Each structure stands twice: as structure tokens, then as C-alpha cells.
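K.L.:
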Amino acid sequence: MLKILEDLIILARERKKNPIKGSYTNKLLEDKFLVKDKVLEEVSELIQAVEENSNKIHEAADVLYHLMMYFEANSIKIEDIMNELASRKK
Numbered sequence: 005m006l007k008i009l010e011d012l013i014i015l016a017r018e019r020k021k022n023p024i025k026g027s028y029t030n031k032l033l034e035d036k037f038l039v040k041d042k043v044l045e046e047v048s049e050l051i052q053a054v055e056e057n058s059n060k061i062h063e064a065a066d067v068l069y070h071l072m073m074y075f076e077a078n079s080i081k082i083e084d085i086m087n088e089l090a091s092r093k094k
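Under our numbering, read the sequence shown as residues 5 to 94, first letter to last.
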């Protein structure tokens, strides 16, 4: 199941190295202001979906996608995040 997230990260890194013209992923990776705004927008939409009990899964997927792009656009490695989380285990 988490393979899908791994594939998304691999895709983002590949697109950073080899951009594809017209790619939405590349637009996000190249424009830190756009990707930040999209993360904020998608989180807001997720909160609204949860409160209204509608489209929660769709909106949660949007949040994860845009958050992964935000991390990659800002050179935040998911591996470092996972290591940080592992270090917090009690």
C-alpha cells in the first residue's frame, strides 16, 4: 500500500531531474509559491470535507500529493521525515 507513496516520490524526483513540459507535477516542483498555496488550499478542502462528511478520501489524497510535492520542491526528503518519526517512538 505504501508503495504508491514511494512511487509518487520517485516520480517527483524523476520530474525534477527530467522535467516534462506541461506537467502539473513540474509546475508544482518549479513554483514554491504555487505548491505552498496548493497545500494550504487542499488542507482547507480536506477539513471542510471531514466536517461535511463528503469526499474525505479524495481530498485526503489531494493533500498527500501536494504535500509530497511541497517536500520535494523544498528539498525536504521523506527519508529524513521518516527517520525523525522513528526517533520519536516511545
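The beta carbon of each residue, even a glycine, is placed where N, CA and C say it ideally should be. Predicted model, so just to flag it, every value in this text is computed and none were measured.
Identify, in the order they occur along the chain, each residue of the same chain with its Cβ nearer than 7 Å to the Cβ of K20, setting aside the five sequence neighbours on each side.
P.N.:
L33, E76
K.L.:
Between which residues of its own chain and M86 is the CB-CB distance below 8 Å, once the five residues before and five after are set aside?
P.N.:
For M86, there are no CB contacts under 8 Å within the same chain when 5 residues up- and downstream are skipped.
K.L.:
Could you name the residues of the same chain whose beta carbon sits closer than 8 Å to that of L15, not counting the 5 residues immediately before and after it, in chain order?
P.N.:
T29
K.L.:
My output table needs one value for I24: the three-state DSSP class, helix, strand or coil.
P.N.:
coil
K.L.:
Note down the Cα distance separating K42 from D11, rounded to an integer number of angstroms.
P.N.:
Those two C-alpha atoms are separated by around 21 Å.
K.L.:
Assuming E83 and D66 form a contact by the criterion Cβ under 8 Å, report the distance between their Cβ atoms to the nearest whole angstrom.
P.N.:
At roughly 23 Å, the Cβ-Cβ gap does not stay under 8 Å, so E83 and D66 are not in contact.
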